[in-house]
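Okay, so the sequence shown: first residue is 0 according to numbering that gives the first Met the number 0, each after it adds one.
Note that beta-carbon positions come from the ideal geometry of N, C-alpha and C, so glycine has one too.
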Amino acid sequence: MTTIVSNVAIFKDGEVLLQKREDFEVWCLPGGHVENSETAAQAAVREVREETGLEVELTCFVGLYYHPGLDGLGMHAVLFAARMLGGTLQCDPGETLDARFFPVHALPPDTVWWHQQRVLDAAAASSGGQAWLQNGAHQHDPTRTRQKVYAQRDASGLSRAAFFMKEFGNPALAVVKLEVGQAPPPART
Numbered sequence: 000m001t002t003i004v005s006n007v008a009i010f011k012d013g014e015v016l017l018q019k020r021e022d023f024e025v026w027c028l029p030g031g032h033v034e035n036s037e038t039a040a041q042a043a044v045r046e047v048r049e050e051t052g053l054e055v056e057l058t059c060f061v062g063l064y065y066h067p068g069l070d071g072l073g074m075h076a077v078l079f080a081a082r083m084l085g086g087t088l089q090c091d092p093g094e095t096l097d098a099r100f101f102p103v104h105a106l107p108p109d110t111v112w113w114h115q116q117r118v119l120d121a122a123a124a125s126s127g128g129q130a131w132l133q134n135g136a137h138q139h140d141p142t143r144t145r146q147k148v149y150a151q152r153d154a155s156g157l158s159r160a161a162f163f164m165k166e167f168g169n170p171a172l173a174v175v176k177l178e179v180g181q182a183p184p185p186a187r188t
């Protein structure tokens, strides 16, 4: 099973915030696992608050990264850039030994190698992309597997497209929210 984590590059005066992890004593970007019923953007803000004491505003979606994780699990990391809104920089003693700002091109030598690239990517991102919450009109049922939906589709007597539209396709009932970035300009008519 693949896990999803959020990382955040917080910039201040041309420097980026890194935290020294308690478990391996290496430097990395703040972040952590996305919890159930939480978007990657929500997880990013929560993890920064928990690990550093800072309140941030995500300014752009930078990228999506993948690497094999522990226990044979793959890991997708969602990277955001952010700016500080408030709070006091402090370490979560269970996770973080130290947290401080470093020049983007002078990171400590014991910075996790894959986070070095993420820092450079975030520093180069100007407006980046967007992160959207797109919550469809259907009710989430964790027992409703893809196989069960296919069986319902096949038994419905509807075309595949009609079944999809009936179950998932009513945009009037959907919740759509721009969480990070700027909305694109309206389409020209």
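Residues near residue i in its chain [Cβ-Cβ closer than 7 Å; skip 5 each side]
i, result
"residue 52", "86, 87, 88, 89"
"residue 115", "106"
"residue 30", "4, 5, 6, 7, 43, 46"
"residue 186", "Confidence in residue 186 is poor, its pLDDT being 47 and thus under 50, which makes the residue's placement unreliable; the coordinate value appears in the next sentence. If we look at residue 186 and ignore the five residues flanking it on each side, it has no Cβ neighbours."
"residue 91", "49, 50"
"residue 93", "21"
From the options, residue whose alpha carbon lies closest to that of residue i
i, options, result
"residue 64", "58, 73, 77", "77"
"residue 108", "2, 19, 151", "19"
"residue 176", "41, 154, 35, 12", "41"
"residue 4", "38, 48, 14, 24", "38"
"residue 24", "161, 149, 111, 118", "111"
"residue 97", "10, 150, 26", "26"
Residues that DSSP places opposite residue i in a beta bridge
i, result
"residue 97", "19"
"residue 79", "7, 60"
"residue 102", "14"
"residue 112", "Paired residues: none, contrary to the question."
"residue 156", "DSSP lists no partner for residue 156."
"residue 142", "BP columns for residue 142 are empty, so no partner."
"residue 2", "74"
Helix, strand or coil at residue i according to DSSP, with G and I counted as helix
i, result
"residue 36", "coil"
"residue 177", "strand"
"residue 88", "coil"
"residue 51", "helix"
"residue 186", "For residue 186, the predicted model reports a pLDDT of 47, less than 50, meaning its position is unreliable; a value from the coordinates is still stated below. Three-state DSSP puts residue 186 in coil, outside helix and strand."
Proximal residues to residue i (C-beta, below 6 Å), its chain only, five neighbours per side dropped
i, result
"residue 82", "56, 58"
"residue 54", "84, 85, 86"
"residue 62", "78, 120"
Integer-rounded CB distance, given that residue j should sit under 8 Å from residue i
i, j, result
"residue 103", "residue 33", "Rounded, the Cβ-Cβ distance is 26 Å, inconsistent with contact."
"residue 11", "residue 100", "6 Å"
"residue 66", "residue 113", "6 Å"
"residue 117", "residue 28", "6 Å"
Residue i at chain B interface by Cβ criterion, 9 Å
i, result
"residue 59", "Chain labels in this structure do not include chain B; a single protein chain is all it has."
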